[in-house]
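All remarks here apply to the structure that follows.
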Amino acid sequence: AAGALIAQLPSLLLQGSFQQLQATWAWAPASLKCAWGGGKCVEGENVSQAGKCTPECAAALDVAPVGAAGALIAQLPSLLLQGGIQQLQATWAWTPASLKCAWGGGKCVEGESVSQAGKCTPECANGTKLPAVECPTAGDSEWGDVCMAGEECAEPLYIGNPNGCSAESGSAVLADAAGRRDAANAIPIATAIASAFVALAS
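Counting from 666, one number per residue, gives the positions in the sequence shown under our numbering.
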């Protein structure tokens, strides 16, 4: 048998059949094991020949917050270059109950302010009521105009036309009604910029 195998060696090697040559060796089947290079199998450290290995990863770490923060950091250049600071602010978790809208020309029939996703019905000094205006929902990017970092939104978002009563009835409204919305919405942003300069100076 050994002589026959030796006689076949040139043919086996020339035909690239080294694996076929190895297959003629008699390994004990129980010694043929497989393992997963990335860790261990569910079935054990290794499995026998013709068996199956189910790779098992290491225990999952609590990396969700880190992953979310990493994703946000990765988006910062794009957000800033595209003027997307409002979108960035919208990712902060403001308490929905703190998101309020007010009317720049006076008060709403519903009160001094209304909650997010609610409606404000502007009421003129003479009792005339203007068409209702919707307050944006919590996920709307408009909240980035007035809400700074933190859980609470300290300032209301002014909605509607502050000069609506003048156009509707011709009655006198507050003398400074014009521009109240833009001025009020600009206060938190100006405060944030000033705080940033103070922090840099210190």
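Cβ coordinates follow ideal geometry from the N, Cα and C atoms, glycine included. Treat the numbers as computed from the prediction; the structure is a model and nothing was measured.
Go ahead and pull the three-state DSSP assignment for residue 669.
Correct three-state label for residue 669: helix.
According to DSSP, simplified to helix, strand and coil, what is residue 796?
coil
CA-CA distance, residue 720 and residue 697?
18 Å
Please report the straight-line C-alpha distance between residue 723 and residue 812, rounded to a whole angstrom.
41 Å
At which residues does the beta strand (DSSP E) containing residue 765 begin and terminate?
765 to 768
For residue 730, which residues in the same chain have their Cβ closer than 6 Å to its Cβ, ignoring the five residues on either side in sequence?
Per-residue confidence for residue 730 stands at a pLDDT of 44, beneath the threshold of 50, marking its modelled position as unreliable; no derived number is given.
For residue 773, which of helix, strand or coil comes out of DSSP?
The answer is strand: DSSP assigns residue 773 an E or B state.
Got a sec? Which residues, its chain only, sit under 6 Å from residue 768 by beta carbon, not counting five neighbours each side?
785, 787 and 825
Among the residues of its own chain, which have a CB less than 6 Å from the CB of residue 818, if the five just before and after it don't count?
Once the five neighbours on either side are set aside, the close Cβ partners of residue 818 are 759, 763, 764 and 812.
Check for me: the beta strand (DSSP E) holding residue 822 runs from which residue to which?
822 to 824
Is it true that the CB of residue 830 sits closer than 8 Å to the CB of residue 800?
Contact: no.
Near residue 694, which residues of its chain fall below 7 Å by C-beta distance, leaving aside the five closest residues on each side in sequence?
714
When the Cα of residue 766 is compared with those of 832, 708, 703 and 805, which residue comes out closest?
805
Would residue 712 and residue 699 be called neighbours here (beta carbons separated by less than 8 Å)?
yes
Given this structure, state the Cα-to-Cα distance separating residue 803 from residue 827, to the nearest angstrom.
23 Å
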